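With this note's numbering applied, the sequence shown has no gaps in its numbers, which climb one by one up to 264 at the end. Heads up, the beta-carbon is just placed ideally off N, CA and C, and yes, glycines get one too. Please read these numbers as outputs of a predicted model, since none were measured by experiment.
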Amino acid sequence: MIANPPDQIREKLGARYAPLLQVVQQRLPGFELLEGHICSIPGSDRKYVHFITRGHGTILSVILTERNGASLPRDSLLLSGDSRGLGIYQDHLSGMEIAGFESGQYFAFVVSDLNQKELLQLARGLAPALNETLHTTARLLPPDATTKWAKLG
């Protein structure tokens, strides 16, 4: 897979999510950002901001989606500690390691076949900066700045 140019990725993400591009690029050392886009799963109204990176011999995804008032199912996930006040949860599904956290109005997940320790280390490095950027863009952009997001359904 060939990496898409950052400007092309920013355009796909729109004003609200484009600032996350720099966070993902800077906070995942040794990974190259290949793609970033907004997508959905067929049959679902839920939208996802999806970054695809390559490094350390694997592919790693960073996925964000609006919480819509929901919380992570704490009873079925293992809390692996926190990163500057953000509880990071972990799970294993279909051969993939997953680290997730709640950030304001969003769920954020880091998914890869890296070992659990490596993935959690990357998630801990990414979580505070993602959280700060999501909060900053939410304050700076009016609700109508997400019209691109709404039109994708």
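- Bridge partner(s) assigned by DSSP for Asp202: Ile209
- Which residues bound the alpha helix (DSSP H) around Ala126? Pro117 to Tyr128
- Run the CB neighbour count on Leu124, radius 10 Å, all protein chains shown included, and call it buried at 16 or more, exposed below. buried
- Taking the C-alpha atoms as reference points, what is the distance between Lys228 and Ala181? 27 Å
- Query: Buried or exposed: which applies to Arg157, given that a residue is buried once 16 or more other Cβ atoms fall within 10 Å of its Cβ?
  - Reply: exposed
- With C-beta atoms as the reference, is Leu245 less than 8 Å away from Tyr200? no
- Query: From Glu208, Asn242, His167 and Glu213, pick the residue whose C-alpha is nearest to that of Leu139; which is it?
  - Reply: His167
- Task: Take Val173 and list the residues in its own chain whose beta-carbon comes closer than 6 Å to its own, dropping the five residues that flank it on each side.
- Result: Val135, Phe162 and Val221
- Kindly indicate which three-state DSSP category Asp255 falls into: helix, strand or coil? Low local confidence applies: a pLDDT of 49 at Asp255 is under 50, so the model's placement there is unreliable, with the coordinate-based value given in what follows. Helix, per DSSP.
- Query: Any chance the segment 115 to 124 sits against the segment 225 to 240, with 3 or more Cβ pairs inside 8 Å?
  - Reply: no
- Message: Which residues does DSSP list as the beta-bridge partners of Lys228?
- Response: For Lys228, which the question treats as bridged, DSSP gives no partner whatsoever.
- Query: Under a Cβ-count criterion, where at least 16 other Cβ atoms within 10 Å of its own Cβ denotes burial, should Gly264 be classed as buried or exposed?
  - Reply: Note on Gly264: pLDDT 38, under 50, position unreliable in the model; the coordinate value appears next. Answer is exposed; the Cβ neighbour count stays below 16.
- Inspect the beta-carbon positions of Leu241 and Ala219 and report whether they are closer than 8 Å. yes
- Item | Nonlocal neighbours in the same chain, by C-beta distance under 8 Å from Gly206, ignoring five residues either side | Asp224
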